[in-house]
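Only one structure is covered here, and it is reproduced in the block below.
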Amino acid sequence: MSKFEPNIVAFLCNWCSYAGADLTGTTRTHYPPNVKVIRVMCTGRVNPLFLVQSLRQGADGVLISGCHPGECHYLKGNYLARRRFLLMKNLLEFIGINPERIRMSWVSASEGKKFADVITDVTQEIKKIGPLKHFKKEIL
Amino acid sequence: MNIQKLKDEAKRALGRKEVKYLIGYQKGSYGFRVSPVFLESKEELDLLTFSPLCTISLPNYLTLEADLIQPKDAKKAKATKIALFARGCDSRALNQIMAEKGIPRDKLYIIGIPCNGVIDLKKIEARFPGVVDLAEVVEENGKYIITINNQSHEVPKEELIADTCKVCQYPTPLISNKLLGDKVEGSPANYDDIQSLEEQSPEEKWDFWQEHFERCIRCYACKNSCPLCYCEGCILDKLNPQWIRRSVDTSENLLFHITRAFHLAGRCISCGECERVCPMDIPLMKLNKKMEKDVKELFDYEAGKDHESKPLLTTFNLEDPDDFVL
Chain A
189 MSKFEPNIVA FLCNWCSYAG ADLTGTTRTH YPPNVKVIRV MCTGRVNPLF LVQSLRQGAD
249 GVLISGCHPG ECHYLKGNYL ARRRFLLMKN LLEFIGINPE RIRMSWVSAS EGKKFADVIT
309 DVTQEIKKIG PLKHFKKEIL
Chain B
224 MNIQKLKDEA KRALGRKEVK YLIGYQKGSY GFRVSPVFLE SKEELDLLTF SPLCTISLPN
284 YLTLEADLIQ PKDAKKAKAT KIALFARGCD SRALNQIMAE KGIPRDKLYI IGIPCNGVID
344 LKKIEARFPG VVDLAEVVEE NGKYIITINN QSHEVPKEEL IADTCKVCQY PTPLISNKLL
404 GDKVEGSPAN YDDIQSLEEQ SPEEKWDFWQ EHFERCIRCY ACKNSCPLCY CEGCILDKLN
464 PQWIRRSVDT SENLLFHITR AFHLAGRCIS CGECERVCPM DIPLMKLNKK MEKDVKELFD
524 YEAGKDHESK PLLTTFNLED PDDFVL
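In order, the protein sequence lines correspond to chains A and B. First residue of the first sequence: 189, per the numbering used here; consecutive thereafter. First residue of the second sequence: 224, per the numbering used here; consecutive thereafter.
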């Protein structure tokens, strides 16, 4: 069997995490290539259903990353997101999805190193859990 | 509940010039069925009924107002208020709808009825199968006296009462213009069955839910009977983007149930109507109760407690738990 390479979808906020990811690249820091980045304007813009849809359409894990609390470009987007994703994570856990598949992180624009660490951590964790078998959309 | 007292109060409410119509219950067409009724004048009062069979959530019909036939009487058509009966759970639904600015407080005239629990239609139909003629049910001293074809049967309350009513926290209406009868004490919150499911392994949980979600036929009865599902543009009807396809397979069904449970997070008032109307016996209240439990433990919030506080997911607290964030 070939080695399992997880498929991770990351929703990054334009103002902090996306810039942080950019910094990771410009400083030539290495991180696993398993992550597919989707830029959003704010973590508050991410509908919790995006997360479910990602998992259904082939992702093994989802990462939502935004500004640190109190540093949101739109003042409170990340606070609202924090509530939502905690609830959604608990709901999915209740249904039988491993909660490690849904991760959230605060990465600011200057934390290029932290971004690489987060991606490494998430990728290793999901490699350990293995692919998401159930839950997938059957016909595309 | 004394039916005469109820009719007197309904009469007084209809007598008010600002009340357009009154929403109550009337006898159904067969068996143990009950249907909602919209009364415009005092002459129609005889239609009114109230019994433990009245499980339908009346706040459901408030948000349909635009679709309803307007009163023939010109004066009544101009009136602004809607009167309705509300038990504990209904009053919480009203509170929640008002908090979400779904309907203004001054449009409602609420007649509160302290509730002793309703009968689960599935349970009573299993006990008395194939009843065609209208049956009557009266509650007396912890027993239901059921009259079918002039024959009366006594059944202990415990056997027929709906599961959600057994653990109802707020049987007395939290908001009302007029409260009929004495207050009823609620029972403390009980999440034992949720906890026992939570403690199982992910595989066990998945097996449990998959078996149920596979059976779902997506009739949307749960959505239609829910007093809090009143959005005009429902995500389920949306074609562009189409979030949920119409086909019935486990994956789509699962998405539907996740969506439904999540949209009720911090809003569900535990009336249990979704589970009672489900033709496939899917334990929907387990999902709702799980959300209710989390919301209570994590954010110290309960849906429908008053009509002025802000809805859960539109606010935040700086001290919200964030130990799951990297």
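We put the beta carbon where it would ideally sit given N, CA and C, even for glycine.
- At the C-beta level, B/Val407 and B/Ala444 stay beyond 8 Å of one another.
- DSSP places A/Val240 within a helical segment (H, G or I) once states are collapsed to three.
- The CB of A/Trp294 comes closer than 9 Å to the CB of Asp545, Val548, Leu549 in chain B, given here in chain order.
- B/Gln433 and B/Cys391 have their C-alpha atoms spaced approximately 28 Å apart.
- Beta-bridge partners assigned by DSSP to B/Tyr393: none are found.
- Looking at the backbone, the Cα of B/Pro425 and that of B/Gly404 are separated by about 47 Å.
- Taking 8 Å as the CB threshold, B/Leu487 stays off the interface with chain A.
- Among the bridge pairs identified by DSSP, B/Ala302 is matched with none.
- Residues of chain B whose Cβ lies closer than 8 Å to the Cβ of A/Ile285 are, in chain order, Pro425, Trp429.
- DSSP links B/Gly404 through a beta bridge to no other residue.
- Within the stretch 221-246 of chain A, contact with chain B at the beta-carbon level (separation under 8 Å) is assigned to Pro236, Leu237, Val240, Gln241, Arg244.
- Per the C-alpha coordinates, the member of B/Ala236, B/Pro275, B/Ala297 positioned closest to B/Gln249 is B/Pro275.
- An exposed status is given to A/His218, since fewer than 16 other beta-carbon atoms sit within 10 Å of its beta-carbon.
- Considering only beta carbons, the part of the stretch 299-325 of chain A lying closer than 9 Å to chain B consists of Lys302, Asp305, Val306, Asp309, Val310, His322, Phe323, Lys324, Lys325, in chain order.
- Along the stretch 515-528 of chain B, going in chain order, the ones with a CB nearer than 8 Å to a CB of chain A are Asp517, Val518, Leu521, Phe522.
- As the crow flies, the alpha-carbon of A/Lys277 is around 19 Å from that of A/Pro257.
- Contact annotation: B/Ile334 and B/Tyr244 have beta-carbon atoms that are not nearer than 8 Å.
- The beta carbon of B/Asn540 is closer than 8 Å to those of Phe522 in its chain, skipping five residues each way along the sequence.
- Contacts between A/Arg289 and chain B, judged by CB atoms closer than 9 Å, are missing: the closest CB pair is about 10 Å apart.
- DSSP places B/Leu331 in the uninterrupted beta strand (DSSP E) bounded by 331-335.
- When 9 Å is used as the limit between beta carbons, A/Leu263 is near no residue of chain B, the shortest such separation being about 11 Å.
- For B/Lys366, the enclosing beta strand (DSSP E) begins and ends at 366-371.
- Inter-residue distance for A/Thr311 and B/Leu510 is about 30 Å (C-alpha atoms, whole angstroms).
- When the beta-carbon positions are compared, B/Leu331 and B/Leu271 stay at least 8 Å from each other.
- Pairing A/Leu237 with B/Arg483, the inter-Cα distance amounts to about 11 Å.
- Shown here, B/Tyr253 sits in coil according to DSSP, grouped into three states, outside any helix or strand.
- Against chain B, the CB of A/Leu211 has no partner CB under 8 Å away; the residue lies outside that interface.
- At least one CB atom of chain B sits nearer than 8 Å to the CB of A/Tyr267.
- With a contact defined as Cβ atoms closer than 8 Å, B/Phe436 and B/Leu420 miss out at about 15 Å.
- Shown here for B/Glu263: same chain residues with a beta carbon closer than 7 Å to its own, the five before and five after excluded, namely Tyr244, Pro294, Asp296, Lys299 in chain order.
- Annotation: B/Met514 to B/Gly489 spans about 7 Å, alpha carbon to alpha carbon.
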